[in-house]
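In what follows, a structure is listed as structure tokens, so that the remarks can point back to it.
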Amino acid sequence: MIRHTFKMLWRKRKSNFLLVFQLFISFVALTFFIALNVDKFLAYFKPYYYNYDHVWAISLGLDKVPTDKAQGYVSAIEQKLRAMPEAELVSNASLIPFYSWPTDEKAVIQNNKLSFRTFIADEHFNQVLELPIKKGRWFTKDDRLSAIVPIIITEDLSEEYFNGQDPIGQTILLSGKKTRIVGVTAEYRDNFSREIGGNGKGYIFKPIGPDTTGSAILVKSKYANNFFLMEGKIRKVLETIKDDNFTVRNSSPMNMVKKMSNKNDLIQLTLALVVFGFLVLNIFLGISGVFSYAIAKRRSEIGLRVATGAVSGNILKQFLTETIVLSSFATIPGAFVALQFIIAGFFGNLSLREGMLGVAGAALFIYLLMIACSLYPSLRASKIQPAEALYEE
């Protein structure tokens, strides 16, 4: 039956071209949408391997401040913060989890040319966030002046590109410079909507150098969630810097930063679902109209089938089979095209597994949508009586 239906629809390929083309474009777009977001969505439910519950985050605006002045300002702020009895540890870095973005840098690892998310951090960063060291060590002050820049990679990067080898002591090219791996940390991740940038998996930490400084300061304190206590004291420290080019972009507990980030994620997700819902509704109404019109043109054929002994169940089955075959005309070449783009690397670090999940999800959606669109017209067609069809003819 499927073979017969395939031949019949193939003969009508010109009249079905626009519908199949619409489904093809929708399928490819949906495949990429699912594939690009499935890993981020699944990562949202993974645990965080660091602890941000008792951390206060400060983001400084140093863009217009000369490097030497910026280093002096950050050093002075750190000293004053460490003098606070409420502060346990203070760290300087270029990134605040859930708030700021990492930098993309090109790297060559095991002959793989990739782009990785990187950021700089001082020797206290892993202690402030309680980020576990899986292998090797964290940075020390001596690393700031090292001839070969030491770096620390995350565990997922190690597993992905070193094939079970010990990465400690191995060298990689990062932005054209030779670097040496001295440590491996637990997997670092942010909110799912911020896991962008770089086509390589994982993160790379670099030490703060003699001519660099981070625009973020993290303070570990058991009073971090006491906003009124900490905000006032930290504000007084920050107000000691008298420079019109120096600004404070954020000063709040990490828990508050994460809540704001989650809120932004929820807004983005809600907007995406609303737009997606309207698109699905438009497609549903459009395709339902096409099926209703197509079946109305075949009333005499349906009446003849019933007159020759076909039962309503067979007619319903026939039209649903045609729907599935017609959908396959779009999904099969669509899957081939989408996977070719993914394999060729047009979408960064999208893996074949994510591509297959995208294809499966898009195919399931297209088939269910097409069946839903054709179900009501097919049910109406299965109830047509021969006398009605002949009378209309």
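Per my numbering: the sequence shown = residues 41 to 433.
Don't be surprised by glycine CBs; every beta carbon is placed ideally from N, CA and C.
Item                                                                                                     : Value
Contact the segment 293-305 vs the segment 383-400: 3+ CB pairs below 8 Å                                : no
R234 - DSSP class collapsed to helix/strand/coil                                                         : At R234 the pLDDT is 46, less than 50, meaning the model places this residue with poor confidence; the figure from the coordinates comes in the next sentence. If DSSP states are grouped into helix, strand and coil, R234 belongs with the helices.
C-alpha gap between A161 and A412, whole angstroms                                                       : 54 Å
Bridge partners - A97, DSSP secondary structure assignment                                               : L258 and S292
Three-state class that DSSP yields for G374 in the structure shown                                       : helix
Pair within 9 Å by beta-carbon distance, I274 and W96                                                    : yes
I274, enclosing alpha helix (DSSP H) - first and last residue                                            : F267 to L278
C-alpha distance - I136 paired with L269, whole-angstrom precision                                       : 21 Å
Closest residue to F64 among D283, E199 and S367 (Cα-Cα distance)                                        : S367
F159, enclosing beta strand (DSSP E) - first and last residue                                            : N152 to A161
Whole-Å CB distance - S131 paired with L258, under 8 Å assumed                                           : 5 Å
Option in F67, S55 and Q62 with minimal Cα separation from G395                                          : F67
Rounded separation between I236 and F156 - CA only                                                       : Note that I236 scores 48 on pLDDT, short of 50, meaning its location in the model is unreliable; the coordinates nonetheless yield the value given after this. Each residue's alpha carbon lies about 10 Å from the other.
Y243 - containing beta strand (DSSP E), residue span                                                     : Y243 to P247
Coil, strand or helix - D251 by DSSP                                                                     : coil
Residue interval of the alpha helix (DSSP H) (run including N166)                                        : F165 to L169
Unbroken beta strand (DSSP E) run spanning S131, endpoints                                               : L129 to A133
When K357, T252, A400 and D108 are compared against F73, the one with the closest alpha-carbon           : A400
Buried versus exposed call for G242 [16 or more other C-beta atoms within 10 Å across all chains shown]  : buried
Among Q358, Q308, A256 and G326, the one whose alpha carbon lies nearest that of S292                    : A256
Interface flag, S367 vs chain C, CB-CB below 9 Å                                                         : Absent from the structure is chain C; it holds one protein chain and no more.
Helix, strand or coil at A147 according to DSSP, with G and I counted as helix                           : strand
DSSP bridge partner residues for G223 (one or two, in chain order)                                       : G176 and I192
Continuous alpha helix (DSSP H) stretch holding I117: start and end                                      : T107 to R122
Touching by the beta-carbon criterion (3+ pairs, under 8 Å), the segment 312-329 and the segment 119-127 : no
Rounded Cβ spacing between G371 and A403 (contact assumed at less than 8 Å)                              : The sequence given here places Thr at residue 371; Gly does not occur at that position. Rounded, the Cβ-Cβ distance is 5 Å, consistent with contact.
Reduced DSSP secondary structure (H/G/I, E/B, other) of L213                                             : strand
DSSP state of L197 mapped onto helix, strand, coil                                                       : helix
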